[in-house]
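Data block below; observations after.
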Amino acid sequence: MPKENQNSIPLFLSDRGLSEVSELPEEMLGLYRFNKWEINKPIGDRDYIRYDILTSRGWVPPANELTVKEVNALGTCPNDISVFTPQNFTGPKQAIIDPVEIKIDLSEVGSVTPQQDTIPAAWRLRVEDIEYYIPENLDQESLSHYLRPTGKPALKIAKHESDDTNNVTEYAIELLIEWYSIERGVAEQVIFSVEES
5 MPKENQNSIP LFLSDRGLSE VSELPEEMLG LYRFNKWEIN KPIGDRDYIR YDILTSRGWV
65 PPANELTVKE VNALGTCPND ISVFTPQNFT GPKQAIIDPV EIKIDLSEVG SVTPQQDTIP
125 AAWRLRVEDI EYYIPENLDQ ESLSHYLRPT GKPALKIAKH ESDDTNNVTE YAIELLIEWY
185 SIERGVAEQV IFSVEES
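Here my numbering is used: position 114 in the sequence shown is 118, and no number is missing along the way.
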């Protein structure tokens, strides 16, 4: 299971194949959940599932619909990082943590695993209101790898919405282009890589 350590960039980037980025956002906060029997463990010894990351440049895609809705309800817009705080989101089995801090605090027995399935915010919320953090100056292959977690949700929604079962792939590609304002070649690479896995 991948782990964050002091010699790596935040795991939400490295587990998407990025070994470096030109500049990290000034602010980054993540929603992490863990099992209730780990509540008394030191923070760095828990096995976390990372649900969402909100940065000062927007959400790391795909971003869960419910999380984005809650931020929108609490703040001035769906990207208002000022309300994405422990006071608003910390519960018995979840925590809001800076991904750089969790990188430092994580011990040899702790871990962070990305959530594998999500309902993307872009599906039913106004796309133009949601900002997404996409690192600058990525080539097509790196960008496609970074956006790969958006592929499975897009395919799932395409299967649900498309009347033509032979058109699911094309529909999913169009969804990614619409949701994340990316070039067709990138969207195709994301969807094809998910379908082949």
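The C-beta atom is built at its ideal place from N, Cα and C for all residues, glycine as well.
N- and C-terminal bounds of the beta strand (DSSP E) containing residue i
i, result
"G34", "M32 to R37"
"I100", "Q98 to I101"
"T202", "This structure does not reach residue 202, given that the chain is present from 5 up to 201, and the question cannot be answered."
"T59", "D51 to T59"
C-alpha distance - residue i paired with residue j, whole-angstrom precision
i, j, result
"R50", "D168", "44 Å"
"P96", "P139", "33 Å"
"Y150", "D19", "9 Å"
"T154", "W41", "31 Å"
"Q10", "E27", "In this prediction, Q10 scores a pLDDT of 36, lower than 50, which makes its location untrustworthy; the coordinate-derived value is nonetheless stated afterwards. Using only the alpha carbons, I get a separation of about 17 Å."
"P46", "C81", "34 Å"
"T117", "Q98", "14 Å"
"V87", "V75", "6 Å"
"S166", "T173", "10 Å"
"I43", "E178", "42 Å"
"Y55", "N170", "32 Å"
"R188", "A126", "17 Å"
is_contact[residue i, chain B] using C-beta, thresh 9 Å
i, result
"Q120", "No chain B is part of this structure, which consists of one protein chain only."
Cβ pair residue i, residue j closer than 9 Å
i, j, result
"P65", "Y184", "yes"
"I123", "N68", "yes"
"G79", "Y136", "no"
"A158", "I134", "no"
"M32", "T71", "no"
"L142", "L35", "no"
"F16", "I57", "yes"
Per-residue DSSP class, three states only, for residue i
i, result
"P90", "helix"
"S111", "coil"
"V116", "strand"
"G79", "coil"
"G189", "helix"
"K7", "Low local confidence applies: a pLDDT of 40 at K7 is under 50, so the model's placement there is unreliable, and no value is given."
"I13", "coil"
"L180", "helix"
"V198", "helix"
"S23", "coil"
"L129", "coil"
Residue i - partner residues in DSSP beta bridges
i, result
"N170", "According to DSSP, which records beta bridges pairwise, N170 is partnered with nothing at all."
"N68", "P124"
"W63", "L58 and Y136"
"G95", "Q98"
Range of the contiguous alpha helix (DSSP H) that encloses residue i
i, result
"G48", "Unbroken run through G48: none, as it is neither H nor E."
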